[in-house]
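Take a look at the structure below.
There are 2 protein chains.
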Amino acid sequence: MMDRKTKNLFEARAKIIKALAHPARLFIVDQLSHGEKCVCELTGMIGSDVSTVSKHLAVLKNSGIVLDEKRGTQVFYSLRVPCVLNFFSCVESVISSNARDQLFLLKD
Amino acid sequence: MMDRKTKNLFEARAKIIKALAHPARLFIVDQLSHGEKCVCELTGMIGSDVSTVSKHLAVLKNSGIVLDEKRGTQVFYSLRVPCVLNFFSCVESVISSNARDQLFLLKD
DNA sequence: ATATTATTTGGCTATTTTGCCAAATAACCA
DNA sequence: TGGTTATTTGGCAAAATAGCCAAATAATAT
Chain A
326 MMDRKTKNLF EARAKIIKAL AHPARLFIVD QLSHGEKCVC ELTGMIGSDV
376 STVSKHLAVL KNSGIVLDEK RGTQVFYSLR VPCVLNFFSC VESVISSNAR
426 DQLFLLKD
Chain B
326 MMDRKTKNLF EARAKIIKAL AHPARLFIVD QLSHGEKCVC ELTGMIGSDV
376 STVSKHLAVL KNSGIVLDEK RGTQVFYSLR VPCVLNFFSC VESVISSNAR
426 DQLFLLKD
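One line per chain: the protein sequences are A and B, in this order.
In terms of our numbering, the first sequence opens at residue 326 and continues consecutively.
In terms of our numbering, the second sequence opens at residue 326 and continues consecutively.
Right under this line is the structure:
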């Protein structure tokens with residue numbers, strides 16, 4: 326049986342991945358890959374309540390994925406660990422692999 | 326504002342990542358990287374009810390991350406898209422980056 | 001046929017996550 | 001100071017997720 330140490334390791338990993346596991350948060354990460362953005366900019370793009378976006382950002386910040394910097398009345402968020410962008414290519418390949426299988430089922 | 330197409334894309338991506346966002350499921354993926362395993366083997370390692378493990382496997386299968394193959398009375402699961410293993414190294418770097426920051430705060 | 005082993009499914013409760021609103025806080029400007 | 005804009009926080013209700021048990025299904029062996 327998995328020991329305590331192993332369990333902790335996988336819990337820590339899951340916490341990071343869980344922080345990414347939401348469409349709005351993935352979108353935020355994608356946007357930040359083009360450079361820092363303030364909460365208001367992101368809110369405009371996402372189209373949820375500001376408080377909702379702020380909470381999504383808090384989740385990302387809390388897990389160590391983004392950084393925040395207050396300048397004047399705005400808070401700018403940026404990617405702290407850009408390698409999270411690598412996730413996208415693999416996720417894309419899962420999606421297209423799924424799509425190929427769907428096509429295969431429809432063949433003939 | 327994000328258009329429908331973009332929204333769908335990020336929802337599809339989130340679905341895949343969500344499938345990975347659980348300690349038991351990450352553990353399963355890690356184990357499968359060493360080769361296929363049957364439900365009973367995984368259950369022994371994880372230490373939850375078989376039905377729970379079976380449901381975790383269903384989540385992974387449903388999102389296209391693993392494959393299943395029934396042989397006799399057992400079902401063997403294997404990785405369908407091995408690139409998901411790349412996630413680990415980035416997740417690890419987020420974790421160690423967090424740890425470094427913690428240390429920094431404690432300095433002096 | 002019956003029993004046994006492996007796995008999945010249904011159903012239920014407990015927990016977590018989401019997203020909105022309203023209110024609090026912070027920084028700036030008039 | 002008082003007002004305005006940007007952001008966060010608290011609180012709540014709805015939705016999704018997790019994990020257990022019991023029962024159903026599947027394959028095999030006796």
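All residues carry an ideal CB built from backbone N, CA and C; glycine is no exception.
Being a predicted model, the structure only gives us computed values, none of them experimental.
Can you tell me whether residue i is buried or exposed, with buried defined as 16 or more other CB within 10 angstroms of its CB?
i             : result
residue 424/A : exposed
residue 396/A : exposed
residue 389/A : buried
residue 359/A : exposed
residue 419/A : buried
residue 429/A : exposed
residue 344/A : buried
residue 329/A : exposed
residue 346/B : buried
residue 367/A : buried
residue 382/B : buried
residue 375/B : exposed
residue 351/B : buried
residue 431/A : exposed
Hey, out of the options, whose CA is closest to residue i's CA?
i             : options                    : result
residue 327/B : 420/A, 370/A, 332/A        : 370/A
residue 379/A : 333/A, 349/A, 407/A        : 349/A
residue 408/A : 334/B, 337/B, 430/B, 416/B : 416/B
residue 405/B : 391/B, 398/B, 414/B, 412/B : 391/B
residue 342/A : 365/A, 394/A, 386/A        : 386/A
residue 402/B : 352/B, 338/B, 362/B        : 362/B
residue 364/B : 337/B, 394/B, 338/B        : 394/B
residue 338/B : 340/A, 433/A, 422/A        : 422/A
residue 334/A : 414/B, 334/B, 400/B        : 414/B
residue 332/A : 355/B, 340/B, 336/B        : 355/B
residue 357/B : 427/B, 433/B, 410/B        : 410/B
residue 384/A : 340/A, 398/A, 372/A        : 340/A
Alpha helix (DSSP H) containing residue i: first to last residue?
i             : result
residue 343/B : 329-345
residue 354/A : 348-357
So what does DSSP say about residue i, is it helix, strand or coil?
i             : result
residue 366/A : helix
residue 373/B : coil
residue 381/A : helix
residue 433/A : coil
residue 417/B : helix
Need the endpoints of the beta strand (DSSP E) that residue i sits in, please.
i             : result
residue 393/A : 391-396
In the DSSP assignment, what residue or residues form a beta bridge with residue i?
i             : result
residue 399/B : 396/B
residue 404/A : 391/A
When every heavy atom of the ligand NAP is checked, does at least one fall within less than 7 Å of the C-beta of residue i?
i             : result
residue 344/A : The model on display carries no ligand, and the ligand NAP is accordingly not part of it.
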